[in-house]
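267 is the number that full-length UniProt numbering gives to position 267 of the sequence shown; each next residue is one higher, with no gaps. The C-beta atom is built at its ideal place from N, Cα and C for all residues, glycine as well. Predicted model only: the values in this text are computed from it and were never measured. Down below is the structure, laid out as structure tokens.
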Amino acid sequence: MTDSITIRRPDDWHLHFRDGDVMREVVPYTARQFARAIVMPNLTPPVTTTELAAAYRDRILAAVPAGVDFTPLMTCYLTDNTDADDLARGAAKGVFTAAKMYPANATTNSAAGVTNVEKLYPVLARMEAEDIVLCIHGEVTDHAIDVFDREKEFIDRHLRAIAANFPKLRVVFEHITTSDAVDFVMQAGPNVAATITPQHLHINRNAMLVGGIQPHNYCLPVAKRESHRLSLRKAATSGSPKFFLGTDSAPHLRSAKESACGCAGIFGAPYALESYITVFDEEGALDRFEGFASLHGPAFYKLPVNEATVTLERAELAVPPCLHVTGEEIVPWHGGQTLGWKFVG
Ligand code: OTD
Ligand code: ZN
Ligand code: ZN
Numbered sequence: 001m002t003d004s005i006t007i008r009r010p011d012d013w014h015l016h017f018r019d020g021d022v023m024r025e026v027v028p029y030t031a032r033q034f035a036r037a038i039v040m041p042n043l044t045p046p047v048t049t050t051e052l053a054a055a056y057r058d059r060i061l062a063a064v065p066a067g068v069d070f071t072p073l074m075t076c077y078l079t080d081n082t083d084a085d086d087l088a089r090g091a092a093k094g095v096f097t098a099a100k101m102y103p104a105n106a107t108t109n110s111a112a113g114v115t116n117v118e119k120l121y122p123v124l125a126r127m128e129a130e131d132i133v134l135c136i137h138g139e140v141t142d143h144a145i146d147v148f149d150r151e152k153e154f155i156d157r158h159l160r161a162i163a164a165n166f167p168k169l170r171v172v173f174e175h176i177t178t179s180d181a182v183d184f185v186m187q188a189g190p191n192v193a194a195t196i197t198p199q200h201l202h203i204n205r206n207a208m209l210v211g212g213i214q215p216h217n218y219c220l221p222v223a224k225r226e227s228h229r230l231s232l233r234k235a236a237t238s239g240s241p242k243f244f245l246g247t248d249s250a251p252h253l254r255s256a257k258e259s260a261c262g263c264a265g266i267f268g269a270p271y272a273l274e275s276y277i278t279v280f281d282e283e284g285a286l287d288r289f290e291g292f293a294s295l296h297g298p299a300f301y302k303l304p305v306n307e308a309t310v311t312l313e314r315a316e317l318a319v320p321p322c323l324h325v326t327g328e329e330i331v332p333w334h335g336g337q338t339l340g341w342k343f344v345g
């Protein structure tokens with residue numbers, strides 16, 4: 001039995017840091033385990049310009065603990081009014097690593113997202129020409145569509161067309177939750193990839209709805225039925241370079257989650273690697289963990305792999321039931337559970 005594993009230092013290809021005091025307190029959790037992270041731009045107001053992204057990047061860098069090597073990779077929040085020239089300039093200057101498309105109102109702080117995907121086509125054409133990565137929250141927001149079907153519907157209504165119209169555009173289908181998404185990504189060209197969160201590998205929708213409502217298992221896109229979870233586990237542990245790590249860590253205080261209208265989002269950053277490696281261990285795929293965590297993402301983003309390494313050991317890890325951010329309680333992913341792997345450093 002493998003009791004210890006050392007891999008190149010991983011990156012988190014989908015993450016929410018927020019801003020201000022919360023950001024300052026959550027950055028160290030990510031910087032402890034990851035060398036880089038794709039930072040989502042869904043602040044209020046959203047990060048829509050090179051100038052806003054550069055300033056946000058500086059605030060994040062100021063929150064990285066001394067002596068820790070961590071690089072935030074910034075994204076541009078696409079809207080109906082995105083200035084493609086500014087996006088291209090920001091990408092050329094190295095401020096933007098990608099641009100993020102949210103259908104308006106698909107998830108937390110996405111009200112300024114695009115109201116019509118096709119209207120964004122001129123911007124997508126420019127991104128294809130400049131080789132800028134497009135990250136997509138792939139769910140339709142049509143109220144007539146059942147929340148459990150919104151990802152599949154997005155593929156059928158929009159994603160197939162985007163892939164067909166922009167055959168060279170690099171697209172990351174973020175936080176996929178269905179076998180439909182796995183199938184779509186598998187049959188698409190090498191320019192289409194996906195991130196997978198730890199929660200969607202661990203839980204199905206029962207974890208949210210059985211035995212009382214479980215707000216700490218609620219995130220968007222919502223967890224689906226078991227067959228989808230199994231398909232995600234197969235994809236993540238398959239060794240295919242099309243799938244890589246993206247926690248979608250999205251911190252909300254306990255009070256905001258345990259509410260009559262609880263916020264969507266799971267704070268996965270603190271024990272992210274322990275969570276993912278548990279899945280690879282259960283699937284007998286520890287030899288494929290490094291690819292998913294540390295190699296496939298850089299290859300897709302055309303960035304160098306990290307030179308440093310991290311080690312995880314087989315050991316009991318009691319995840320605290322709650323942590324504190326800005327003096328308030330926040331429940332981490334796996335809070336109160338015991339895991340069988342520990343991040344050593
Ligand atoms: N999902 N919560 C958030 C974002 C993600 O769709 C996402 O990327 C958030 O709180 O920012 C969530 O459930
Ligand atoms: Zn999203
Ligand atoms: Zn997210």
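Asked                                                                                                                                                 : Found
Less than 7 angstroms separating the Cβ of G143 from some heavy atom of ligand 3?                                                                     : Sequence check: residue 143 is His here, not Gly. Not so, every heavy atom of ligand 3 lies at least 7 angstroms from the Cβ.
Taking the Cβ atom as the reference point for each residue, do P251 and V26 lie within a distance shorter than 8 angstroms?                           : yes
Does the distance from the CB of T178 to the CB of K119 come in under 8 angstroms?                                                                    : no
Does the Cβ of R254 have 16 or more other Cβ atoms within 10 Å, making it buried, or fewer, making it exposed?                                        : buried
Quick check on G340: does DSSP put it in helix, strand or coil?                                                                                       : strand
In this structure, how does DSSP classify S227 when only helix, strand and coil are distinguished?                                                    : helix
Distance check for D86 and A207, CA to CA, integer angstroms please.                                                                                  : 43 angstroms
Ignore the nearest five residues each way along the sequence and tell me which others in P46's own chain have a CB closer than 6 angstroms to its CB. : Y77 and A112
Cβ of M40 versus every heavy atom of ligand 1: is any distance shorter than 7 angstroms?                                                              : yes
So within the region 110-149, which uninterrupted alpha helix (DSSP H) runs reach at least 4 residues, ignoring any that extend past its ends?        : 121-130
Indicate, with yes or no, if ligand 3 has a heavy atom lying under 7 angstroms from the CB of A112.                                                   : no
So, with DSSP's three-state summary, where would you put E307?                                                                                        : coil
Which residues does DSSP pair with K100 in a beta bridge?                                                                                             : Y77 and C135
Can we say the region 179-186 touches the region 222-238, given the rule of at least three CB pairs closer than 8 angstroms?                          : yes
When the distance is taken between beta carbons, is T195 closer than 8 angstroms to G246?                                                             : yes
Provide the residue(s) that pair with S249 in DSSP beta bridges, ordered along the chain.                                                             : L15 and I266
Helix, strand or coil: how does DSSP classify F184 here?                                                                                              : helix
Can you tell which of G67, L52 and P72 has its C-alpha closest to the C-alpha of H16?                                                                 : P72
Who pairs with L323 in a beta bridge, going by DSSP?                                                                                                  : I330
Name the residue from Q33, G284, N116 and A318 whose alpha carbon lies nearest to the alpha carbon of residue 349.                                    : Since the first residue of the chain shown is 1 and the last is 345, residue 349 is not available in this structure.
Just the C-alpha distance for F184 and G335, rounded to the nearest angstrom, thanks.                                                                 : 33 angstroms
Please tell me whether I14 and H200 are closer than 8 angstroms, where the distance is taken between their beta carbons.                              : Here residue 14 turns out to be His, not Ile, going by the sequence shown. Result no, Cβ atoms of H14 and H200 do not sit closer than 8 angstroms.
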